[in-house]
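Beneath this line is the structure, given in structure tokens, with notes to follow.
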Amino acid sequence: MSDALLDLAQVSVRLPPDADRAFAIADVSLRVHPDEIVCVVGESGSGKSMLANAVIRLLPPTVTMTGAVRLGGRDLAQLPEAAMRAIRGAEIGMVFQEPMAALNPIQTIGRQVGEVLRLHAGLSARARRDAMLAALTQVRLRDPLRASRSYPHQLSGGERQRAMIAMALALKPRLLIADEPTTALDVTTQAQILQLIRELQAQNQMGVLFITHDFGVVAEIADRVVVMQNGHLVEEGPVAAVINAPKHPYTQSLIAAVPKLRPAPGVPTQRSDDIILRVAHVTKSYRSAAGILRGKPTPGLDDVSVALMKGASLGIVGESGSGKSTLARCIVRLMQPDAGSMRLHDLEYASLSGRAMRRQIQRIQMVFQDTSGSLNPRKKVGDLVGQGLMVRGTRRHEAWRRAEELLAMVRLDPKAAHRYPHEFSGGQRQRIALARALAVEPEILVADEPVSALDVSVQAQVLALLADLRAKLGLSLIFITHDLRVAANVCDLVAVMQNGKVVESGETARVFANPAHPYTQALLDSIPGRDWNAAPH
Amino acid sequence: MPARPWRRFSGLFSLVVLGAIVLVGLLAPVLYPAGPWPNVGDPLIAPFTSRLVPLGTDTLGRDVAAELVHGARVSLIIGIVATAAALLIGVTIGAIAGYARGWVDDVLMRFTELFQAVPSFILLIVLVVLLGPSIVTIIIGIAVVSWPPVARLVRGEFLSLSNREFVQSCLLIGVSPARIVFLEILPNCAAPIIVTGSIMVASAILLEAGLSFLGLGDPNVISWGAMVATGRPLLRSATWLSVIPGLAILLTVLAINLFGEALTEALGARRRA
Amino acid sequence: MSGRIAFLLRRLGHAVVMVVGIAVLTFFVLHLIPGDLAEYMAAQGGGGDAAYVADLRARFGLDQPLWLQFFTFLSSLIRLDLGYSFRDNLPVIDVIMTRLPATLLLMSISIAFAFIVGALLGAISAMRVHRLTDAIISFLAVLGYATPLFWLGLLMIYLFTVKLGWLPSSGMRTIGRPAAGWDAAADVARHVVMPALTLALFYMAVFVRLMRASMLEIATLDFVRTARAKGMSELRVYFGHIIGNAMLPMVTMLGVQISTILGGSVVVETVFGWPGLGRLTYDALVARDVNLLLGILFLSSVLVIVTNLLVDLLYSMLDPRIEVAGS
Chain A
1 MSDALLDLAQ VSVRLPPDAD RAFAIADVSL RVHPDEIVCV VGESGSGKSM LANAVIRLLP
61 PTVTMTGAVR LGGRDLAQLP EAAMRAIRGA EIGMVFQEPM AALNPIQTIG RQVGEVLRLH
121 AGLSARARRD AMLAALTQVR LRDPLRASRS YPHQLSGGER QRAMIAMALA LKPRLLIADE
181 PTTALDVTTQ AQILQLIREL QAQNQMGVLF ITHDFGVVAE IADRVVVMQN GHLVEEGPVA
241 AVINAPKHPY TQSLIAAVPK LRPAPGVPTQ RSDDIILRVA HVTKSYRSAA GILRGKPTPG
301 LDDVSVALMK GASLGIVGES GSGKSTLARC IVRLMQPDAG SMRLHDLEYA SLSGRAMRRQ
361 IQRIQMVFQD TSGSLNPRKK VGDLVGQGLM VRGTRRHEAW RRAEELLAMV RLDPKAAHRY
421 PHEFSGGQRQ RIALARALAV EPEILVADEP VSALDVSVQA QVLALLADLR AKLGLSLIFI
481 THDLRVAANV CDLVAVMQNG KVVESGETAR VFANPAHPYT QALLDSIPGR DWNAAPH
Chain B
1001 MPARPWRRFS GLFSLVVLGA IVLVGLLAPV LYPAGPWPNV GDPLIAPFTS RLVPLGTDTL
1061 GRDVAAELVH GARVSLIIGI VATAAALLIG VTIGAIAGYA RGWVDDVLMR FTELFQAVPS
1121 FILLIVLVVL LGPSIVTIII GIAVVSWPPV ARLVRGEFLS LSNREFVQSC LLIGVSPARI
1181 VFLEILPNCA APIIVTGSIM VASAILLEAG LSFLGLGDPN VISWGAMVAT GRPLLRSATW
1241 LSVIPGLAIL LTVLAINLFG EALTEALGAR RRA
Chain C
2001 MSGRIAFLLR RLGHAVVMVV GIAVLTFFVL HLIPGDLAEY MAAQGGGGDA AYVADLRARF
2061 GLDQPLWLQF FTFLSSLIRL DLGYSFRDNL PVIDVIMTRL PATLLLMSIS IAFAFIVGAL
2121 LGAISAMRVH RLTDAIISFL AVLGYATPLF WLGLLMIYLF TVKLGWLPSS GMRTIGRPAA
2181 GWDAAADVAR HVVMPALTLA LFYMAVFVRL MRASMLEIAT LDFVRTARAK GMSELRVYFG
2241 HIIGNAMLPM VTMLGVQIST ILGGSVVVET VFGWPGLGRL TYDALVARDV NLLLGILFLS
2301 SVLVIVTNLL VDLLYSMLDP RIEVAGS
């Protein structure tokens, strides 16, 4: 083992007095060697991002750092700012999470990549241009010249992230810090970027410090793993050891919370063969909005048909742009399909309107992804949960009583009814949203990426709650997600969507074990660490 | 503006000044029951020289302090009522446009753009000339030229809020659109509307002052702008006649703006909490 | 380039629709007058005999159905026939056109000054945020925003003409000076300084505050962090990334402010006796010359629409995200 490239010794970052804890990271010591990828894994609040910022010394002015950060012998913590600037970009490259936001929207890619060359290397304009194009070629962009002349909004998410990586590696730094670089990307794009990083690491002989919350990613690319909890380093070691035989209880609980791709059969759900919801040949198209920010055009639906049995759970999986959210919104009639039929039992409701629709609408309810946006911040939880009842004429105190029952059912303290949404965490808000949806006693619950924004341990709790409620209340569930592991554990049936079409559907276990459609196969192949933790021991 | 102590100071300062002005305006008939019109002494007495007329007298021997105090009443009444009317118009149009979207939104926004293309002060002048200058017509005129920014603001808020999941979930549990607009969306944009309203009172006062400076004020009342106009030919010899009422306008508008900023901070902080 | 031309054509079409809308508005305002329009206008003009009133009535087609009146009105507008100003005994369009250049001169100087100095001060304020410089600039901006334009003008006259004797207090030229050449230009320059400064000071406050807020907001965005991670110094981050993005809302505000500044010029030109549209508006309102007033209303709106078109074009060149090609 060669000498450490990066050596953190007792690094702590002290937060200002009004923060919720004293240290963002406390007494962290770790090493990165010149030819390995070290993954720092943890949930939100673990301090992993702060660690990355501490290495490159881009900390907010309100915090103070102690400890030594040695890069090839030099202590970065002691360097004057001018010397540190010379190191940033040249010896340490950094890639961030959301590439659209991390690139200047009014400058071309070529200009931004060339900027790092302009700052550090004393090259002529022509040499700079060649080096810039070489950097873009190195990240396997399909048309580097066109990319260099493009603005960020003209590229796809994957292309933008490749451009960011090109910018970080243009001067062949010895250390690459990647702060959740694939979290905002589709799963197929993520697989490509992970592979790219691995190849470039080997090619350039760099050390990589890779921050992530996803153990699948860790299994996919890490050589060594460091686990963080609340600012402390709780476990570290070679990847195989840590993810297969974790020693620390926190690591164990995190790994246990990761849904397995091929779960055990488990308790058979109360499922009949009666079809409760039949969606047939639904089509929806959009006029493209000529807006200022040309983001992704809203996907349409193209002849989509799915069926849900009473008591079953149907997963709709796909990447962004597949149309799964559009389908969800059509099913609950927040949008109206252009063509096709949707039958709930015998009721054809695709083209019902106005009052008739409002009368029927509570039989299908929805839970959303954004936990802070789905509850009116100015209303108390009790009013929010009981609103569906009050709208139908239930008296307020009666509705509140029911609300407290529902809060208990979702495993929250009934006294929560008196508080406001912002006082709760993301997972708790999601439970409140569930209680609110269940208050009107729907037959079908549509959940649109309900756990995507939650930490993996919280995610496991909410999913367990969902399964419990399904069994207790006989709910039928439609579950939208991009995460195939979650779908494998929650859904009996699955429909895979791509570009507005359903490409494959059937029993989840069968589809995931033997996919018929190439896209499904591609999705499954892209899951990071798919062979690890695939089945229960 | 910088750190918290300044913010608190300016908020307090503006509140005190505003309170004083409002009080003075309310008490005008008590302080100077005969109104600003009567001749109380020699013309053109300089300010701070006589205890009877602390701010001096104008060309007709009228008490400048009396004129100032009664002028405060006029400015405040016009400012507040005109703003209330403009808010009513603007919030209604903006809410309808932002909630209904589609062609309704397009039509209403073109209409709003139209009003914003016409220079407000010139339209105001034309309206007041055509309808004849009086407090009522001035209020109507100011309301008519001031509503567009409110409409744009409210439309923007409604557009973004009606897309938020909490509104969509209300639709799902069967809340009627009317209740959604008034009980869900509107309370959540109350803060920017209030702040805009407070700043609009300041603009309304400036508009009215401009009108009365140009001679289009209500001929039956004395207002600060008219006082500056009267003092203009005597700029060299009786400078105070122009300076004092202008200073009053400046102070009032400044206090309102600072108050608006302090309000923004306070309401913004609560929203975030 | 064809994409840009398509964009221009679309905006041009939009502008034409707006102008028609202004015409409708003007027509509507015209008919707000209580009572008989012809008699009102004759009375305002200082009285007229029955023949004059009948002539006015015929001219405006007041005995015809409303839609026909509007049509006649519209066709006159297209021919730029805005009626007759009985105050000046000239066609309205002629009166306005003689005054337009002076206002354009005053406005362009004011806007340029307000924008440039405003952006500068706002940027300095943002770069020194929460420190003394910022406090002073921000306070001056709040103060500037609260100052009545006419009062500010009078104060400037008092200071620079009465007390210091540096600058002339009214008009555009000194009587008796040559009408062309460098001497004339210098003369006009001396006359334009105070009105331009007065007009600019108020609107500069708006730009200062906007630039400051804009820069502070942009400084929190992710791409600024990326720039720092590349090893850029703070100053280079400001000039290379922040200021560019912060200028975009400033350009948008420029479009909005043109309409407001035109309104402000009425008072400023009146105070300084500047022979432009604003002063003309004052003269027209004193004389209750309805034709002239409406003509000014219409043409100043058209001026705003045209300048907004130019500002939109400028913005589309600065922000690559604007959809220029196709719809």
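Chains as they are written, first to last, in the working numbering: chain A, 1 to 537; chain B, 1001 to 1273; chain C, 2001 to 2327.
Note that the Cβ used here is the ideal one computed from N, Cα and C, for glycine as well.
Proximity test, Cβ basis, 7 angstroms: residue i and chain B
| i | result |
| --- | --- |
| A/S374 | yes |
| C/W2151 | yes |
| C/S2301 | yes |
| C/Y2158 | yes |
CB contact check: residue i to chain C, cutoff 7 angstroms
| i | result |
| --- | --- |
| A/L473 | no |
| B/R1155 | no |
| B/P1119 | yes |
| B/R1236 | yes |
| A/V116 | yes |
Three-way DSSP call (helix, strand, coil) for residue i in this model
| i | result |
| --- | --- |
| B/P1245 | helix |
| A/H232 | strand |
| A/Q365 | strand |
| C/T2226 | helix |
| B/V1175 | coil |
| B/P1029 | helix |
| A/E507 | strand |
| A/K247 | coil |
| B/T1239 | coil |
CA-to-CA distance, residue j to residue i, given in whole angstroms
| i | j | result |
| --- | --- | --- |
| A/R541 | A/V139 | A question about residue 541 of chain A goes unanswered here, because the residues of chain A that appear run from 1 up to 537. |
| C/L2210 | C/A2246 | 9 angstroms |
| A/F512 | A/L524 | 7 angstroms |
| B/A1202 | C/F2073 | 37 angstroms |
| B/R1164 | A/P421 | 15 angstroms |
| A/I292 | A/Q154 | With a pLDDT of 36 at A/I292, under the threshold of 50, the modelled position of that residue is not reliable, and no figure is offered here. |
| A/L141 | A/M164 | 11 angstroms |
| A/L384 | A/V227 | 38 angstroms |
| A/L123 | A/L133 | 14 angstroms |
| A/V381 | A/R329 | 25 angstroms |
Beta-bridge pairing of residue i - partner residues as DSSP gives them
| i | result |
| --- | --- |
| C/P2249 | DSSP lists no partner for C/P2249. |
| A/A9 | A/A68 |
| B/N1039 | B/R1062 |
| A/P238 | A/R224 |
| A/C39 | A/F210 and A/V225 |
Opening and closing residue of the alpha helix (DSSP H) in which residue i lies
| i | result |
| --- | --- |
| A/Q112 | I109 to H120 |
| A/S150 | Segment: none, A/S150 is in no alpha helix (DSSP H) and carries neither H nor E. |
| A/Q498 | First-last for A/Q498: L493 to Q498, but that is the beta strand (DSSP E), not the alpha helix (DSSP H). |
| A/K324 | K324 to I331 |
| B/D1105 | G1102 to A1117 |
| A/F215 | F215 to I221 |
Below-7 angstroms beta-carbon distance, residue i vs any chain A residue
| i | result |
| --- | --- |
| C/P2320 | yes |
| C/G2144 | no |
| C/H2241 | yes |
| B/G1098 | no |
| B/P1192 | no |
| C/T2226 | yes |
| C/K2230 | yes |
Residue span of the beta strand (DSSP E) that contains residue i, given as start and end
| i | result |
| --- | --- |
| A/K48 | Element bounds for A/K48: not the beta strand (DSSP E) but the alpha helix (DSSP H), K48 to I56. |
| A/T283 | I275 to K284 |
| A/R343 | A339 to L344 |
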